[in-house]
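J.: Can you keep this structure in mind? I'll have questions shortly.
In our numbering, the protein residues as written are 49 to 301.
Structural data, given as structure tokens:
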């Protein structure tokens, strides 16, 4: 296991748990944190023992968004470039969306701007009711490059997306669940148990079918309905991890 500075990465049987671990900076997405998270997600995605990936934050925040000061400092001293940050972030989103296993964001606190872009790349999001979630790109004069303008409107509709982005006003985890930005919101004290319950339900189902369904859902998001329906019709994948289940089902009919 790699030695990380700004994340904690542990595997518990079939579950990979990643914690954004810069609590003194509200887990702001510095270049190094994004690089480490990308690396950990890539490892979890390739690990045949891992069936689900959970990402949460240490302290009061899931993440306060991109750490502009750390990025600018890195650009000035030559240790980092804006293009690398952009590419690392987009590669991270791609890994989350295309790995053949479910990813769950456990949003325990503040989640702003670049962190919201990251959050929307997860398959399932469970938030604390007390969490504050918002897009502040317009407050800082920054144009999104990690998918905000496309994914947010897909999730909440174009008018609500414009409202959130134009006003820069955050909403609670409870409100985010109401408008469909997250799957579910629960009191912070119940967040871990709720996430674990969700993951255990997922792990009880066909791993291969979930991988296939994840692929097809993504194709539907990236294409027109007509194209997505054709992709589903043409898609073939052998499902072998339910052979005993189906045999028992047939024998008991």
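Ideal Cβ placement from N, Cα and C applies to all residues, glycine included.
Is the region 173 to 185 in contact with the region 214 to 232, if contact means three or more CB pairs nearer than 8 Å?
T.: The region 173 to 185, when compared against the region 214 to 232, does touch it at the 8 Å Cβ threshold.
J.: Under DSSP, the beta strand (DSSP E) around residue 158 begins and ends at which residues?
T.: Start at 1 with the first residue of the chain shown, and residue 158 comes out as number 110. Residue 158 -> beta strand (DSSP E) spans 158 to 160.
J.: In the DSSP assignment, what residue or residues form a beta bridge with residue 220?
T.: Position 172 of the chain shown, counted from the start, is the residue given in the question as residue 220. 180.
J.: Touch check for the region 120 to 139 and the region 66 to 76: three-plus C-beta pairs under 8 Å?
T.: Touching, no, given that fewer than three Cβ pairs across the two stretches are closer than 8 Å.
J.: Can you grab the Cα-Cα spacing for the pair residue 230 / residue 175, in whole Å?
T.: To locate residue 230, count along the chain shown from 1; it is residue 182. To locate residue 175, count along the chain shown from 1; it is residue 127. Looking at the two C-alpha atoms, the distance is approximately 7 Å.
J.: For residue 153, I'd like the list of residues in its chain whose CB is within less than 6 Å of its CB, leaving aside the five on either flank, ordered along the chain.
T.: Your numbering for residue 153 matches position 105 in the chain shown. Result list for residue 153: 103, 167, 170, 173, in chain order.
J.: As a quick exercise: from 149, 85, 119, 57, pick the residue whose alpha carbon is nearest that of residue 254.
T.: As a first step, residue 254 is located in the chain shown; it is residue number 206 there, counting from the start. Of 149, 85, 119, 57, the residue nearest in Cα terms is 149.
J.: Report back the beta-carbon spacing between residue 119 and residue 130 to the nearest angstrom; my notes put them in contact at under 8 Å.
T.: Indexing the chain shown from 1 puts residue 119 at position 71. Indexing the chain shown from 1 puts residue 130 at position 82. Confirmed, Cβ separation roughly 7 Å.
J.: If you follow the alpha helix (DSSP H) that residue 268 is part of, which residue opens it and which one closes it?
T.: Indexing the chain shown from 1 puts residue 268 at position 220. Counting along the chain, the alpha helix (DSSP H) containing residue 268 begins and ends at 255 to 270.
J.: Going by the beta-carbon positions, is the gap between residue 267 and residue 289 smaller than 7 Å?
T.: On the chain shown, residue 267 is found 219 positions in, with the first residue counted as 1. On the chain shown, residue 289 is found 241 positions in, with the first residue counted as 1. For residue 267 and residue 289, no; Cβs fall outside 7 Å.
J.: Could you spell out the range, first to last residue, of the beta strand (DSSP E) harbouring residue 151?
T.: The residue given as residue 151 occupies position 103 in the chain shown. Where residue 151 is concerned, the enclosing beta strand (DSSP E) stretches over 151 to 155.
J.: Considering only their Cβ atoms, is the gap separating residue 136 from residue 357 smaller than 7 Å?
T.: Lying outside 49 to 301, the shown extent of the chain, residue 357 is not represented and no answer is given.
J.: For residue 66 versus residue 88, is the C-beta distance shorter than 7 Å?
T.: Taking the first residue of the chain shown as position 1, residue 66 is located at position 18. Taking the first residue of the chain shown as position 1, residue 88 is located at position 40. Yes, the pair counts as a contact, with Cβ atoms nearer than the cut-off.
J.: Of all the options 94, 117, 156, which has the alpha carbon lying nearest to the alpha carbon of residue 108?
T.: Counting from one through the chain shown, the residue named residue 108 turns up at place 60. The residue with the shortest Cα to Cα distance from residue 108 is 156.
J.: Rounding to the nearest angstrom, what Cα-Cα distance links residue 272 and residue 245 in this structure?
T.: Looking up residue 272 in the chain shown gives position 224. Looking up residue 245 in the chain shown gives position 197. Cα to Cα, residue 272 sits roughly 34 Å from residue 245.
J.: Residues in the same chain with beta-carbon distance under 7 Å from residue 115, minus the five sequence neighbours each way, listed in chain order, please.
T.: Along the chain shown, read from residue 1 onward, the residue named residue 115 stands at position 67. Excluding sequence neighbours, residue 115 sits near 73, 76, 77, 78.
J.: Identify, in the order they occur along the chain, each residue of the same chain with its Cβ nearer than 8 Å to the Cβ of residue 193, setting aside the five sequence neighbours on each side.
T.: On the chain shown, position 145 is the one that residue 193 refers to. Excluding residues within five positions, the ones whose Cβ falls inside 8 Å are 134, 137, 138.
J.: If I follow the unbroken beta strand (DSSP E) through residue 104, where does it start and stop?
T.: For the purposes of this step, residue 104 is identified with residue 56 of the chain shown, where counting begins at 1. That run of the beta strand (DSSP E) goes 100 to 105.
J.: Spell out the partners DSSP gives residue 232 in its beta bridges.
T.: Translated into positions along the chain shown, residue 232 becomes position 184. Per DSSP, 174.
J.: Do you know offhand how far residue 298's Cα is from residue 142's?
T.: Here residue 298 refers to the residue found at position 250 of the chain shown. Here residue 142 refers to the residue found at position 94 of the chain shown. Summary for residue 298: the model assigns pLDDT 49, below 50, so the residue's position carries little reliability; its value from the coordinates is reported in the next sentence. Near 39 Å, if we compare the C-alpha coordinates of residue 142 and residue 298.
J.: In this structure, how does DSSP classify residue 227 when only helix, strand and coil are distinguished?
T.: In the chain shown, the residue the question calls residue 227 occupies position 179. Coil at residue 227, not helix or strand.
J.: Quick one: what does DSSP say residue 63 is sitting in, helix, strand or coil?
T.: Reading the chain shown from its first residue, position 15 is the one you call residue 63. Correct three-state label for residue 63: strand.
J.: From residue 242 to residue 188, what does the alpha carbon distance come to, in whole angstroms?
T.: Start at 1 with the first residue of the chain shown, and residue 242 comes out as number 194. Start at 1 with the first residue of the chain shown, and residue 188 comes out as number 140. Distance between the alpha carbons of residue 242 and residue 188: 34 Å.
J.: Considering only residues of the same chain and omitting the five flanking positions on each side of residue 52, which have a CB-CB separation below 6 Å?
T.: Here residue 52 corresponds to residue number 4 of the chain shown, with the count starting at 1. So the qualifying residues of the chain are 84.
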